[in-house]
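Structure first, then comments.
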Amino acid sequence: KEAPELIQVVVAIDPAVTSNKDSNETGIVTVGYTITNNERHYYVLDDFSGTYTPNQWAYKSIQMYDNFEANKIIAEVNNGGDLVETVIKNIDPNIPYDKVHASRGKVTRAEPVVSLYEQGRVHHVGSLAKLEDQMTTWDAGAGDPSPDRIDALVWGITYMMDKNDQFFAG
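Positions 522 to 691 (the numbering used here) are the ones given, in order, by the sequence shown.
Written as structure tokens, this is what we have:
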């Protein structure tokens with residue numbers, strides 16, 4: 522599926538704090554939205570997640586920001602604090618950036634996004650095999666490792682939701 526002209530595009534980062542062979546991946550997902558039939562429709566444009574050093578994920582995020590002419594880079598900062606903003610701004614001080622904070626568990630945080638998928642309002646553009654594999658195999662109850670790609674996707678869509686899309690969020 523191809524994305525229509527989008528109103529807003531963000532690069533969402535769920536940063537890992539280490540980059541060794543046993544580290545979680547840093548989730549880096551680009552998402553955008555447009556309005557169709559008076560509803561927001563969300564487009565997952567790319568997944569550039571992987572095991573990276575802070576400089577590597579910052580450069581990759583900025584590359585995606587440039588490639589998709591994004592409006593902003595956002596990042597979950599519960600684990601890394603000011604690290605993400607500092608690393609990104611050291612590379613490019615002009616990048617628009619915003620912090621997001623996790624106040625609820627992953628499953629609860631994802632519920633409004635799951636609902637949007639169920640309504641057919643989230644669309645994937647191109648091949649996103651690793652993200653889609655994580656989306657269909659991650660089991661919160663089984664103690665699976667952190668779903669970094671899913672987390673970045675949820676942050677990106679949640680950031681762009683309007684109040685009418687957040688009926689589960691309260």
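For each residue, glycine too, the CB sits at the ideal point set by N, CA and C.
Just so it is clear, the structure is predicted and the values come from calculations on it, not from any experiment.
Check whether residue i and residue j have beta carbons under 8 angstroms apart
i	j	result
residue 680	residue 533	yes
residue 583	residue 556	no
residue 597	residue 676	yes
residue 618	residue 593	yes
residue 530	residue 589	yes
residue 639	residue 620	no
residue 628	residue 661	yes
Identified DSSP bridge partners for residue i
i	result
residue 530	553
residue 535	548
Pairwise C-alpha distance: residue j and residue i
i	j	result
residue 591	residue 544	28 angstroms
residue 630	residue 548	16 angstroms
residue 542	residue 577	15 angstroms
residue 656	residue 671	6 angstroms
residue 642	residue 522	13 angstroms
residue 561	residue 603	31 angstroms
residue 616	residue 665	34 angstroms
residue 644	residue 524	8 angstroms
residue 648	residue 654	11 angstroms
residue 599	residue 535	10 angstroms
residue 690	residue 623	Note that residue 690 has pLDDT 38, beneath the 50 cutoff, so the model's placement of it is unreliable and no number is given.
residue 614	residue 585	16 angstroms
residue 559	residue 659	32 angstroms
Spatially closest choice to residue i from the options, by CA coordinates
i	options	result
residue 564	637, 571 and 572	637
residue 539	609, 654, 595 and 574	574
residue 571	593, 678 and 668	668
residue 551	567, 562 and 560	567
residue 611	593, 597, 598 and 580	580
residue 678	559, 525, 623 and 634	634
residue 652	639, 663, 673 and 560	673
residue 632	595, 613, 585 and 682	682
residue 527	658, 614 and 646	646
Could you give the uninterrupted runs of the beta strand (DSSP E) lying entirely in the region 546 to 628, keeping only those of 3 residues or more? 548 to 557, 560 to 568, 593 to 597 and 618 to 621
Could you tell me which whole beta strand (DSSP E) segments of length 3 or greater appear in the region 635 to 689? Entirely contained in the region 635 to 689, the beta strand (DSSP E) runs reaching 3 residues are, in chain order, 643 to 645.
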